[in-house]
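Under the working numbering, the residues of the sequence shown are numbered 2 to 119, in order.
Cβ atoms here follow ideal geometry from the backbone N, Cα and C, with glycine treated the same way.
See below for the structure under consideration.
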Amino acid sequence: MTNEPDSGFNNPFSALSSEGLPAGKVNNAKPVEAPRKSRGRVDILRVKAGRGGKTVTVVKNFVGIGLPEKEKLAKEMQKTCGTGGTVKEGQIEIQGDQREAVATILTKAGFSPVMAGG
Numbered sequence: 002m003t004n005e006p007d008s009g010f011n012n013p014f015s016a017l018s019s020e021g022l023p024a025g026k027v028n029n030a031k032p033v034e035a036p037r038k039s040r041g042r043v044d045i046l047r048v049k050a051g052r053g054g055k056t057v058t059v060v061k062n063f064v065g066i067g068l069p070e071k072e073k074l075a076k077e078m079q080k081t082c083g084t085g086g087t088v089k090e091g092q093i094e095i096q097g098d099q100r101e102a103v104a105t106i107l108t109k110a111g112f113s114p115v116m117a118g119g
C-alpha cells in the first residue's frame, strides 16, 4: 500500500507532523532483573551424633539441583564461615554451628532455608 492519493486509500495520519513535539525519552538503563522465584525449601540441621562430639551444620533436602551447584554453594559457605566442609550423599556439611551464615547464603541463592532439629 502506498500513501498516494490515487491509490484509493485515505491515510488519516498523513497530514500529521512530529514537528514541535518534545524529544522522546532515551532509556539507557539496564533492565531490572526480576526477583528469583523460590527454589524450594531446604533444611538446616545442627548435628553432633556420630561425629566425635564435634558440631556440624548439615543442609539437606535440595530439590532440582545437581552436584556441581551443591559443590559451588558448599565452597561459598566454607569461604564465608572460614571453616571446612564437604558434599556427602547429596547433603552439604559445614564444620561448626554455622546455621545463620548458611541460611543467609541459601536465601541469596533463592532457597527457603528452614532451621530444623536441635
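- Between the segment 46 to 62 and the segment 10 to 23, the count of C-beta pairs closer than 8 Å stays below three; the two stretches do not touch.
- Short of 6 Å from the beta carbon of residue 62, and not among the five residues preceding or following it, lie these beta carbons of its own chain, in chain order: 43 and 44.
- For residue 69, the uninterrupted alpha helix (DSSP H) run begins and ends at 68 to 82, by DSSP.
- Non-local C-beta neighbours of residue 94 in its own chain, meaning closer than 6 Å and more than five positions away in sequence, comprise 57, 59, 86 and 87, ordered along the chain.
- Taking the C-beta atoms as reference points, residue 41 is found nearer than 8 Å to residue 113.
- With contacts defined by Cβ atoms closer than 8 Å, residue 111 and residue 15 do not form a contacting pair.
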